[in-house]
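The structure appears below as structure tokens.
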Amino acid sequence: RFLGRVSFYDEWFDSEDGLVYGGEYLVDLEAGYKLPMGMEITVGGQNVLDTYPEENPGARAGVGNRYSQFTPFGFNGAFWYLRMGFKFGR
């Protein structure tokens, strides 16, 4: 099985910084394969294009946060995973 998802986050306002940040697209992908005896293996990634929000222009002036702490999609970049599943019973 395959999963592909594109999410768009429109521009947003950070009330603490008093700034408007631009929108971004994020892409998530996942592929799974059923194995014998009820097992399944899945590999995937969230934000596979490693998109980051706009940088906080005040960060270099000593504010400390490179990105706004309120970004709607986080500021950690891509996240990759491998998952194993097993179904008990029939």
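All residue numbers for the sequence shown refer to the working numbering, where the first residue is 349 and numbers rise by one. Using N, Cα and C, we set each Cβ at its ideal position, and we do this for glycine too.
Residue from the options with nearest C-alpha to residue i
i	options	result
G311	F436, Y357, S363, R353	Residue numbering for the chain in the displayed model covers 349 to 438; residue 311 lies beyond these limits and cannot be assessed.
T390	Y357, G370, Y381	Y381
Y400	Y429, E372, L383	E372
Y429	F356, A379, Y357	A379
S416	S355, P384, D358, L367	L367
Alpha-carbon to alpha-carbon, residue j and residue i
i	j	result
R414	E403	6 Å
D398	D362	22 Å
F350	N424	24 Å
Residue i - DSSP class collapsed to helix/strand/coil
i	result
A379	strand
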